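With the sequence shown counted from 1, adding 4 to any position gets you the UniProt record's numbering. Reviewing the structure listed below.
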Amino acid sequence: GSEWVVMATGRSPTNIAVIKYWGKRDENLILPINDSISLTLDPLHLSATTTAAVSPSFTRDRMWLNGKEISLSGERYQKCLREIRRRANEVSDAEKGIVIKKEDWERLHVHISSYNNFPTAAGLASSAAGFACLVFTLAKLMNLKDDLGQISSIARQGSGSACRSLYGGFVKWAMGNNTDGSDSLAIQLAEETHWTDLVIIIAVVSSKQKETSSTSGMRESVQTSALIKHRAETVVPARTLKMEEAITNRDFASFAKLTCADSNQFHAVCLDTSPPIFYMNDTSHRIINLVEKWNISEGTPQVAYTFDAGPNAVLVSPNRKTAALLLQRLLFHFPPNKDINLTSFVVGDKTILQDAGVTSMKDIETLE
Ligand code: PMV
5 GSEWVVMATG RSPTNIAVIK YWGKRDENLI LPINDSISLT LDPLHLSATT TAAVSPSFTR
65 DRMWLNGKEI SLSGERYQKC LREIRRRANE VSDAEKGIVI KKEDWERLHV HISSYNNFPT
125 AAGLASSAAG FACLVFTLAK LMNLKDDLGQ ISSIARQGSG SACRSLYGGF VKWAMGNNTD
185 GSDSLAIQLA EETHWTDLVI IIAVVSSKQK ETSSTSGMRE SVQTSALIKH RAETVVPART
245 LKMEEAITNR DFASFAKLTC ADSNQFHAVC LDTSPPIFYM NDTSHRIINL VEKWNISEGT
305 PQVAYTFDAG PNAVLVSPNR KTAALLLQRL LFHFPPNKDI NLTSFVVGDK TILQDAGVTS
365 MKDIETLE
């Protein structure tokens, strides 16, 4: 009969760039003007989980995000769907007597349901995890034989940064040379087990939607900034090599210096754009100051900061002890309820709060 359903489920964490992607050389294929490097977070805290189903009873492609139906008509969704269907292969389930032939995928429709395990309103980038997961899950459903690198180049066409979330650990998005985008894909630099001491704390400064989308921001920067050219041609190629070395050697001091410098240059490019783009706010600047002063007073970097197209701070510490100290300092300088700008923290490890011994504002104040 036509009542059968075949399903696949996948999960992808979001990733945080330590060498930023900013600027496209081809807007249609989403090809960047420089390489970028990121850390894929653990799936426990910031990830998308997607289930895709196919059935002859479905009359059109449909998708739900966090339980609410969203439109798939956007060009980016359509490109991913088209590309995956084109590479689909036969799927069979002998037990249930189901055979989906390669050519069947062109007329069969899919229903997709995706959930983020973090509040969408938290102002944390969700498109990277979302598109990585969508593409990965559909590729699984349709039995693609392509390797993860090839799959990542499909995800890239949904959202550039999404291609890096196909791999765990430390990932490079190689900008590639080809005009068709076939070599613009993600490469895993090191597995998630390579450097497990790192702890990431995200300080949610604002949960508001960003004013300038990354797509239009990048376009304006490429058209008007002189600094972006210098960054893409001279700074990033050298910095990428140094960052790869720092990751290989688990050299936190170099890693932190490069990460902070790259975040600052990305925001300098935004400021060098006409009209200027401000993604960080006063609270973001205060967090940078706090970390810089701490790092200088210790004589060597204790914590790295990085900011994407918004004011939220992503802070990386070399171990849980420093992460606990960082949380103490953040809570001291941005006490809950007093500073409405800092709403919450997303911590890579829940036990850190306990380690920090932070239970009340009184405790925090006596710590300093
Ligand atoms: O993938 P997009 O279009 O959302 O662009 C992401 C750009 C940054 O987050 C600012 C930097 C990056 O490399 O992730």
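Note that beta-carbon positions come from the ideal geometry of N, C-alpha and C, so glycine has one too. Source: prediction; values computed, not measured.
key: Contact belief for Leu112 with Pro36 at Cβ below 8 Å, rounded distance in angstroms   = Along the sequence shown, one-based indexing puts residue 112 at 108. Along the sequence shown, one-based indexing puts residue 36 at 32. 34 Å between Cβ atoms; not a contact.
key: Residue environment, Lys100, which counts as buried when at least 16 other CB atoms sit within 10 Å   = Taking the first residue of the sequence shown as 1, we reach residue 100 at position 96. Exposed: under 16 other Cβ atoms inside 10 Å.
ask   = Sorted by chain position, which residues of the same chain lie with C-beta nearer than 6 Å to Asp65's C-beta, five sequence neighbours on each side aside?
value = Translated into positions along the sequence shown, residue 65 becomes position 61. For Asp65, where only same-chain residues beyond five positions count, the Cβ hits under 6 Å are Leu76, His113, Val114.
ask   = In chain order, what residues of the same chain have a beta carbon less than 6 Å from the beta carbon of Val9, not counting five sequence neighbours either side?
value = Within the sequence shown, residue 9 is the residue found at index 5, counting from 1. Only Ala57, Ser59 meet the Cβ criterion.
key: Buried versus exposed call for Thr183 [16 or more other C-beta atoms within 10 Å across all chains shown]   = As a first step, residue 183 is located in the sequence shown; it is residue number 179 there, counting from the start. It is exposed - the Cβ of Thr183 has fewer than 16 other Cβ atoms within 10 Å.
request  = Give the range of the beta strand (DSSP E) segment to which Glu73 is assigned.
outcome  = Taking the sequence shown and counting its residues from 1, one reaches residue 73 at position 69. Looking at the DSSP string, the run of the beta strand (DSSP E) that includes Glu73 is 72 to 74.
key: Residues near Ser321 in its chain [Cβ-Cβ closer than 6 Å; skip 5 each side]   = Translated into the one-based positions of the sequence shown, residue 321 becomes position 317. Excluding positions up to five away in sequence, the list reads Val203, Val307, Ala327, Leu330.
ask   = Helix, strand or coil for Lys176 per DSSP?
value = Sequence index remark: in the sequence shown, residue 176 carries index 172 (1-based). Residue state, collapsed to three classes: strand.
ask   = In this structure, does DSSP put Gly14 in helix, strand or coil?
value = By one-based count along the sequence shown, residue 14 stands at place 10. Strand, per DSSP.
ask   = Taking the C-alpha atoms as reference points, what is the distance between Phe174 and Ile251?
value = Position 170 of the sequence shown, counted from the first residue, corresponds to residue 174. Position 247 of the sequence shown, counted from the first residue, corresponds to residue 251. Their backbone Cα atoms lie some 8 Å apart in a straight line.
ask   = Under a Cβ-count criterion, where at least 16 other Cβ atoms within 10 Å of its own Cβ denotes burial, should Lys342 be classed as buried or exposed?
value = Reading the sequence shown from its first residue, position 338 is the one you call residue 342. Summary for Lys342: the model assigns pLDDT 49, below 50, so the residue's position carries little reliability; its value from the coordinates is reported in the next sentence. Answer is exposed; the Cβ neighbour count stays below 16.
key: Residue interval of the alpha helix (DSSP H) (run including Ile37)   = Stepping through the sequence shown from its first residue, residue 37 is reached at position 33. Ile37 -> no alpha helix (DSSP H), and no H or E assigned at all.
inquiry  = Cutting at 6 Å between CB atoms, please list the residues of its own chain near Cys137, excluding the five before and the five after it.
reply    = The residue you call residue 137 lines up with position 133 of the sequence shown. Within the same chain, Cys137 has close Cβ partners Gly14, Ser16, Ala52, Thr54.
Pick from Ser220, Asn120, Tyr119, Cys84 that is closest to Gln154, judged by C-alpha positions = Within the sequence shown, numbered from 1, the residue matching residue 154 stands at position 150. For the residues Ser220, Asn120, Tyr119, Cys84, the minimum Cα distance to Gln154 belongs to Cys84.
request  = Any chance you could list the beta strand (DSSP E) runs of at least 3 consecutive residues sitting entirely within the segment 287 to 334, in chain order?
outcome  = 308 to 310, 317 to 321
key: Val295 beta carbon less than 8 Å from that of Leu231   = Indexing the sequence shown from 1 puts residue 231 at position 227. Indexing the sequence shown from 1 puts residue 295 at position 291. Taking 8 Å as the Cβ cut-off, Leu231 and Val295 do not qualify as a contacting pair.
ask   = Do you know offhand how far Asn121's Cα is from Asn38's?
value = As a working mapping, residue 121 is identified with position 117 in the sequence shown. As a working mapping, residue 38 is identified with position 34 in the sequence shown. Near 31 Å, if we compare the C-alpha coordinates of Asn38 and Asn121.
query = What are the partner residues of Asp266, as DSSP defines its beta bridges?
reply = Counting from one through the sequence shown, the residue named residue 266 turns up at place 262. According to DSSP, which records beta bridges pairwise, Asp266 is partnered with nothing at all.
inquiry  = Please report the distance separating the alpha-carbon of Ile206 from that of Ser96.
reply    = Along the sequence shown, one-based indexing puts residue 206 at 202. Along the sequence shown, one-based indexing puts residue 96 at 92. Straight-line Cα distance between these residues: approximately 44 Å.
inquiry  = Can you determine whether any heavy atom of the ligand PMV sits closer than 7 Å to the C-beta of Asp312, and answer yes or no?
reply    = Here residue 312 refers to the residue found at position 308 of the sequence shown. True, at least one ligand heavy atom lies under 7 Å from that Cβ.
Alpha-carbon spacing of residue 2 relative to Arg168, whole angstroms = Because the chain here runs from 5 to 372, residue 2 falls outside it and cannot be looked at.
request  = Could you round the C-beta distance between Lys106 and Glu94 to whole angstroms and report it? I think they count as a contact, below 8 Å.
outcome  = If you number the sequence shown from 1, residue 106 lands on position 102. If you number the sequence shown from 1, residue 94 lands on position 90. That belief holds up - the Cβ atoms of Lys106 and Glu94 are roughly 5 Å apart, short of 8 Å.
message = The alpha helix (DSSP H) that contains His234, what's its start and end?
response = Indexing the sequence shown from 1 puts residue 234 at position 230. Taken as a continuous stretch (DSSP letters only), the alpha helix (DSSP H) holding His234 covers 231 to 234.
request  = For the beta strand (DSSP E) holding Lys28, just list the boundary residues, first then last.
outcome  = For this step, residue 28 is matched to residue 24 along the sequence shown. Per DSSP, Lys28 belongs to the beta strand (DSSP E) from 28 to 30.
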